[in-house]
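Report on the structure given below.
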Amino acid sequence: MTSLLVLFFTAVIALFAGLFKKRQWLQPLALAGTGVAFGIALVDINTSSAFNERYASMLQFDTYALAFTVVALLATALIFGLSRWGFRELSDTLGDNYALFLFSLCGALCMFSFTNMVMLFLGIEILSIPLYVLAGSRRDDLKSNEAALKYFLMGAFATGILLFGIALVYGSTASFDLHQIHAVITANGHSPNMLSAGILLILIGLSFKVSAVPFHMWAPDVYTGSPTMITAFMATVVKTAGFAAFYRLFSTAFTGAGDFWEVAVAMVAGLTLVLANTTAIFQVNFKRMMAYSSISHAGYLMLAILAAGQPGAGGALLYYTLVYSIATVCAFACFLLVSEQNLDETFTAFNGLSKKQPLIAATMAVAMLTLAGIPPTAGFFGKYFLFTVAFERYPWLVVLAVINAAVSIYYYFKVIIAMYFSPEENAYEVKIPWSIRLTLAAGLILIALLTLMPSSVYNLI
Amino acid sequence: MLDVIKTIPIEYYVYLSSLLFCIGVFGVLIRRNAIVVLMCVELMLNAVNLMLAAFSTYLSDEQGQIMVFFIMVVAAAEAAVGLGILVMVFRNTKTTDIYKLDKLKF
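Note that the protein sequences, when read in sequence, are chains A and B. Numbering-wise, the first sequence is residues 1496 to 1956 according to my numbering. Numbering-wise, the second sequence is residues 24 to 129 according to my numbering.
Here you go:
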């Protein structure tokens, strides 16, 4: 709760700092705000304060919520680390950009901690509405405009479906409170048709938000069209928030409501894995490849939803989202450097990078290996935890996931091959600002720590 | 007042709001004009509002009606942002036809 308030007031101060043209204060302010919120969340993980308990019927910052808060804050802090360089061309809208990032993060915190479906809905909207604006923040770029419009229309459509589901669940259980809904469902022993329809509609609405197949059509276009800084935020914080909310809702309220939603989730997960990975193979644009990669990771994360409520499922989700977020931010940071100085968004931009900038190439290689889940990296442990929790009940899905993880190695290695084995084609210089050096170093240290001690994160929830 | 609402069975409210919701969904899926799509999204949200109000009355529970207020506020915020985005797109492309926006297809 305190983290949420800190982030909110930092966002308001950022708005005013932008208004009074204090450009140079904005990045330190945003970093300080996320840092303070991060510290508070870490302290709160082991203690329960009366202040938090007072709002427990709406927002409960338990260990689960605080752990995901830490994930989202780490990803955001890394993105803010890039922002001095990433936002260098913005002039009058810089303060608004920082404020919108922070407001969106407030929504993510609501999605981690809700105990009432009203807060779930408000959290999703607080997360999404600033992002519609951010996706279109390059006002004269047609691609950015198109991304914003598509994101807005699909997001609003998904909200409508989610709300209809919430209304149906309310009609059949007479409550928005997750624990009361669960009590009604277990007391009835079976779920009436209206409740089942409601749960399925909520499932569809949330699948839109986490971009799972067949509700993923918007994601590649929006990820490609948005400015790279915003794409990095969408691929990490939004994905984490979507899955944390998904897991919290289904593990708290809907366990015992019947097998039908598990079958639906299993179908969505299988489709997501197969379609996203096969489509990613054919991409030539790096951002579009990362969009399909992010969709395929949604498929792996669905395995944790299937195991909702079982011991270890929450921990597996937490570890996977943390590793995925950090690796994705590192990959986008390297891509941002290369593509903006080379004006090329395809894989050829990386040709011969290892000779010009060995450090950037090495970071990118680590990020790609982590995302692919090659054995010694943290990505491997993440996939291992997810596969273990889901294997008992859905062995066929885990086999499918393993095959698809093997397929994904192909497209992640395309980048590594371009960096290390392709001849240098164009004679452009890649300069690395010190702020990006620091951010990448922080990202690499985090990945190394996660690789060395996976169980300390996994056992947290 | 509440008795007047309850003279109509709850099923009818559910059917009516489901019908409105479906009209909204089909509108979003088939219309080309972005403004009409936005109107269809609003129709979906208002179908939900109608259903929540009906459920709230029948269950004698206020939570549903409070949710309606939240949905109205969010719908207003969404419409403000959405119309802003539409104005931006219209300035650059001179059209609101969503099928004309295909720069990102490959």
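From the three backbone atoms N, C-alpha and C, an ideal C-beta is built for every residue, glycine too. Everything numeric in this text was worked out from a predicted model, so none of it was measured.
Residues that residue i bridges to, as DSSP identifies them
| i | result |
| --- | --- |
| residue 1609(A) | 1554(A) |
| residue 56(B) | 120(B) |
| residue 1780(A) | 1841(A) |
Neighbour list for residue i in chain A, Cβ cutoff strictly below 7 Å
| i | result |
| --- | --- |
| residue 111(B) | 1631, 1634, 1640 |
| residue 108(B) | 1627, 1631, 1643, 1644, 1647 |
| residue 60(B) | 1648 |
| residue 27(B) | Neighbours of residue 27(B) on chain A: none; closest Cβ ~20 Å, over 7 Å. |
Within chain B, the residues that residue i reaches when beta carbons sit closer than 7 Å
| i | result |
| --- | --- |
| residue 1716(A) | 127 |
| residue 1613(A) | 90, 93 |
| residue 1652(A) | 51, 64 |
| residue 1603(A) | The premise fails here: residue 1603(A) is roughly 16 Å from chain B at the closest Cβ pair, so nothing lies under 7 Å. |
| residue 1509(A) | In chain order: nothing, as chain B lies at least about 19 Å away. |
| residue 1567(A) | Per Cβ cutoff of 7 Å: no residues; residue 1567(A) is ~21 Å from chain B at best. |
Chain-ordered chain B contacts of residue i [CB-CB under 8 Å]
| i | result |
| --- | --- |
| residue 1620(A) | 97, 100, 101 |
| residue 1720(A) | 126, 127 |
| residue 1617(A) | 93, 97 |
Cβ shell of residue i (< 7 Å), same chain only, five flanking positions each side left out
| i | result |
| --- | --- |
| residue 1580(A) | 1928, 1930, 1931 |
| residue 1605(A) | 1554, 1614, 1617, 1618, 1621 |
| residue 1625(A) | 1595, 1598, 1599 |
| residue 55(B) | 120, 121, 122 |
| residue 1460(A) | Lying outside 1496 to 1956, the shown extent of chain A, residue 1460(A) is not represented and no answer is given. |
| residue 1891(A) | none |
| residue 1590(A) | 1509, 1510, 1512, 1513, 1514, 1521 |
Own chain partners of residue i with C-beta closer than 8 Å, once the 5 adjacent residues on each side are dropped
| i | result |
| --- | --- |
| residue 1939(A) | 1825, 1858, 1861 |
| residue 1872(A) | 1861, 1864, 1865, 1942, 1946 |
| residue 1893(A) | 1798, 1882, 1885, 1886 |
| residue 1644(A) | 1631 |
Three-way DSSP call (helix, strand, coil) for residue i in this model
| i | result |
| --- | --- |
| residue 125(B) | coil |
| residue 30(B) | coil |
| residue 1846(A) | coil |
| residue 1841(A) | strand |
| residue 1672(A) | strand |
| residue 1932(A) | helix |
| residue 1493(A) | Missing from the structure shown is residue 1493(A); chain A here goes from 1496 to 1956 and no further. |
| residue 1836(A) | helix |
| residue 1582(A) | coil |
| residue 1870(A) | coil |
| residue 1513(A) | helix |
| residue 1887(A) | coil |
| residue 1750(A) | coil |
| residue 1519(A) | helix |
| residue 1638(A) | helix |
| residue 1741(A) | helix |
| residue 1954(A) | coil |
| residue 1706(A) | coil |
| residue 1926(A) | coil |
| residue 1677(A) | helix |
| residue 1592(A) | helix |
| residue 1540(A) | coil |
| residue 1792(A) | helix |
| residue 41(B) | helix |
| residue 88(B) | helix |
Own chain, CB closer than 6 Å to residue i, minus 5 neighbours either side, in chain order
| i | result |
| --- | --- |
| residue 1830(A) | 1781 |
| residue 47(B) | 63, 66, 67 |
| residue 1772(A) | 1791, 1899, 1902, 1903 |
| residue 101(B) | none |
| residue 1748(A) | 1673, 1676, 1677 |
| residue 1808(A) | 1799, 1802, 1884 |
| residue 1701(A) | 1741 |
Closer than 8 Å at the beta carbon, the chain A residues around residue i
| i | result |
| --- | --- |
| residue 68(B) | 1654, 1655, 1658 |
| residue 116(B) | 1637, 1640 |
Cβ-heavy atom distance, residue i to the ligand MN, below 7 Å
| i | result |
| --- | --- |
| residue 85(B) | The ligand MN is not part of this structure, which contains no ligands at all. |
*asked:* What are the residues in the stretch 1624-1638 of chain A lying within 8 Å of chain B by C-beta distance?
replied: Taking 8 Å as the cut-off between beta carbons, the residues of the stretch 1624-1638 of chain A near chain B are 1624, 1627, 1628, 1631, 1634, 1635, 1637, 1638, in sequence order.
*Going along the stretch 76-106 of chain B in order, which residues come within less than 7 Å of chain A, judged by CB to CB distance?*
Interface annotation for the stretch 76-106 of chain B against chain A: 78, 82, 84, 86, 87, 90, 93, 94, 97, 100, 101, 104, 105, criterion Cβ-Cβ distance under 7 Å.
*asked:* Tell me which residues of the stretch 1577-1599 of chain A have at least one Cβ-Cβ distance to chain B shorter than 7 Å, keeping chain order.
replied: Answer set for the stretch 1577-1599 of chain A: empty.
_chain B contacts from the stretch 1666-1696 of chain A (Cβ-Cβ distance under 8 Å)_ = Residues of the stretch 1666-1696 of chain A with a Cβ closer than 8 Å to any Cβ of chain B, in chain order: 1666, 1669, 1670, 1671, 1689.
*Which of the residues in the stretch 1745-1771 of chain A, read from start to end, lie with their CB under 7 Å from any CB of chain B?*
For the stretch 1745-1771 of chain A, no residue has a beta-carbon sitting nearer than 7 Å to a beta-carbon of chain B.
*Identify each residue in the stretch 1870-1897 of chain A for which the Cβ-Cβ distance to at least one residue of chain B is less than 8 Å, and report them in chain order.*
None of the residues of the stretch 1870-1897 of chain A has a beta carbon lying less than 8 Å from any beta carbon of chain B.
*Can you give me, in chain order, the residues of the stretch 1531-1562 of chain A that have a beta carbon less than 7 Å from any beta carbon in chain B?*
So the list is empty, because no residue satisfies the distance condition.
*Can you give me, in chain order, the residues of the stretch 1834-1861 of chain A that have a beta carbon less than 8 Å from any beta carbon in chain B?*
Answer in chain order: no residues at all.
*What residues from the stretch 1728-1742 of chain A come within 9 Å of chain B, judged by C-beta to C-beta, listed N to C?*
So the list is empty, because no residue satisfies the distance condition.
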